[in-house]
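Right, one structure below, let's go through it.
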Amino acid sequence: MVAEKGGNSKHLRQDSKDPEAAENDVVRVYGMKFCPFTHRLKLVLAAKGVDYEIININLQSKPSWYFKRDPEGKIPTLEQNGNLVMGSDVASAYVDAMYPGKQLVTTDPLKAAHEKMLLEQWAKSITGYHNYAFGKDDNNDKIIGPMKVKEGFEKVEKYLKENEGPFICGSEPGLTDYILYPHLERIGALIPLVITQFDHVKAYYDKMQDDPAVQACRISDEQHRDFIHRACAGDIDACDIGVGK
54 MVAEKGGNSK
64 HLRQDSKDPE
74 AAENDVVRVY
84 GMKFCPFTHR
94 LKLVLAAKGV
104 DYEIININLQ
114 SKPSWYFKRD
124 PEGKIPTLEQ
134 NGNLVMGSDV
144 ASAYVDAMYP
154 GKQLVTTDPL
164 KAAHEKMLLE
174 QWAKSITGYH
184 NYAFGKDDNN
194 DKIIGPMKVK
204 EGFEKVEKYL
214 KENEGPFICG
224 SEPGLTDYIL
234 YPHLERIGAL
244 IPLVITQFDH
254 VKAYYDKMQD
264 DPAVQACRIS
274 DEQHRDFIHR
284 ACAGDIDACD
294 IGVGK
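In the numbering used here, the protein residues as written are 54 to 298.
Here it is in structure tokens:
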């Protein structure tokens, strides 16, 4: 079982102090509990069996010291021995290459290209989800959002139907699955009826729930919905739902 240290701690705000440096070789992740991109990196760390500590960052009140890690203030950032790797996809690929165990990236160049193409098409669903979750009722986001989600779902449905599975990466989840899944989890919590309209996507979603890495990083549907509700209402501490002190 992978150990996550600090995951239950409150998110640090603008007036917080710069945390002490992590111990040698310890993987530290700067992220946010409900951030789907942080979720990607956590899934990969769990799948690779890498223990890590997390420093939660309040994105609505970013600590000034964090901009020394990433000048743009984005998350997640992975830090180890003073070295920084920024961005969920880059950091996830780094973890896969750095640590032993099952390799999550395919060695088949054509399959790798097809998976990257699928993720580009999946971006439509990501855009649609954010429009629906955080958009305003008066500019049709609640209508257009699900339509964009379905566009991405159609591509994933076609891919799953035409390729051996049950996962996108084959018989076991791989990097592409862990990159795609976090937004699928959030869509399932917020607009679950969309998933039920696609048989292969629904079967895939259900199968991913059995994966140990997914189970280790799962956030309940109720917490996802509560976070969206409070964040849209302007609660800058919505990210602290379900965390301790």
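C-beta: ideal position from N, C-alpha, C; glycine also.
Keep in mind it's a predicted model, so treat the numbers as computed, not measured.
* Straight-line CA distance for VAL202 to HIS253? -> 15 Å
* Just confirm the distance between the C-beta atoms of ILE303 and TYR83, as a whole number of angstroms; I'd bet it's less than 8 Å. => A query on residue 303 cannot be resolved here, the shown segment of the chain reaching from 54 to 298 and no further.
* Through-space distance from TYR258 to GLU168, alpha-carbon basis -> 17 Å
* With DSSP as the reference, please indicate the residues paired to ASN136 in a beta bridge. => GLN133
* Taking all protein chains shown into account, decide if THR91 is buried (16 or more other Cβ within 10 angstroms of its Cβ) or exposed. => buried
* Do you know offhand how far HIS236's Cα is from LYS260's? -> 16 Å
* Asked: So, using beta-carbon positions, are VAL247 and PRO199 closer together than 8 Å?
  -> yes
* Examine the Cβ distances between the stretch 208 to 220 and the stretch 60 to 69 and report whether three or more of them are shorter than 8 Å. => no
* Can you tell which of THR160, ASP78, ALA291 and SER178 has its C-alpha closest to the C-alpha of ILE232? -> SER178
* PRO265 versus ALA99, ASP71, LYS95 and CYS88, residue with shortest Cα-Cα distance -> ALA99
* Which ranges would you report for the alpha helix (DSSP H) in the stretch 151 to 211 if only whole runs of at least 4 residues count? -> 162 to 187
* Buried or exposed: LYS121, going by 16 or more other Cβ atoms within 10 Å of its Cβ? -> exposed
* **Exposed unless 16 or more other CB atoms sit within 10 angstroms - verdict on PHE187** => exposed
* Can you tell which of GLY295, LYS195 and ARG271 has the C-alpha that lies nearest to the C-alpha of ASP279? -> GLY295
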